[in-house]
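One structure is given here, and the rest of the page talks about it.
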Amino acid sequence: MPESRQQLDRWGSPYKGYAEVNVPKTRKTYCKNKECKKHTLHKVTQYKKGKDSLAAQGKRRYDRKQSGYGGQTKPVFHKKAKTTKKIVLRFQCQTCKHVSQHAIKRCKKFEIGGDKKGKGTSLF
1 MPESRQQLDR WGSPYKGYAE VNVPKTRKTY CKNKECKKHT LHKVTQYKKG KDSLAAQGKR
61 RYDRKQSGYG GQTKPVFHKK AKTTKKIVLR FQCQTCKHVS QHAIKRCKKF EIGGDKKGKG
121 TSLF
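Count the sequence shown with UniProt numbering and you get residues 1 to 124, in order.
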């Protein structure tokens, strides 16, 4: 009988799935702007997609094709493979207001400025 093999991550330790990520509201990191060029305090927020423009060429073409009789004209995608998205952090420098973005790994739960996990304590 074959023994059950545990899935390993790239470092050889057992893979435990996606983690819960808690990021502080501010972080001291390097600012690339011409005025700063040094480590400064940055405000951390999560990147959010903007509202889709109704004037975009693809949207105008799609709306024109959809109008009138005939039902759905283009294929609707249903075979979604991923269960999570990669989190993108937005860093805004508090001295010069320069914004930079950094993607982190995938995670099921993500929060900014949550309770810090102390040594030997649980948050249940």
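The beta-carbon is built from N, C-alpha and C at its ideal position, and this holds for glycine as well.
Computed from a prediction, not measured in an experiment: that's the story for all the values here.
Cβ-Cβ distance between residue 39 and residue 94 below 8 Å = Taking the first residue of the sequence shown as 1, we reach residue 39 at position 39. Taking the first residue of the sequence shown as 1, we reach residue 94 at position 94. The answer is no: Cβ separation not under 8 Å.
Which of helix, strand or coil does DSSP assign to residue 65?
-> Within the sequence shown, the letter at position 65 stands for residue 65. Correct three-state label for residue 65: helix.
Using CA coordinates, which residue listed in 120, 103, 92 is at the minimum distance from residue 36?
-> Walking along the sequence shown from the start, residue 36 turns up at place 36. Answer by Cα proximity: 92.
By how many angstroms is the C-alpha of residue 34 removed from the C-alpha of residue 80?
-> Counting from 1 along the sequence shown, the entry for residue 80 is found at position 80. Counting from 1 along the sequence shown, the entry for residue 34 is found at position 34. Rounded to whole angstroms, residue 80 to residue 34 spans 42 Å at the Cα level.
DSSP three-state assignment for residue 10, whether helix, strand or coil | Counting from 1 along the sequence shown, the entry for residue 10 is found at position 10. Coil at residue 10, not helix or strand.
Where does residue 89 land, buried or exposed, given buried means 16+ other C-beta within 10 angstroms?
-> Start at 1 with the first residue of the sequence shown, and residue 89 comes out as number 89. Counting Cβ neighbours within 10 Å, residue 89 comes out buried, since at least 16 surround it.
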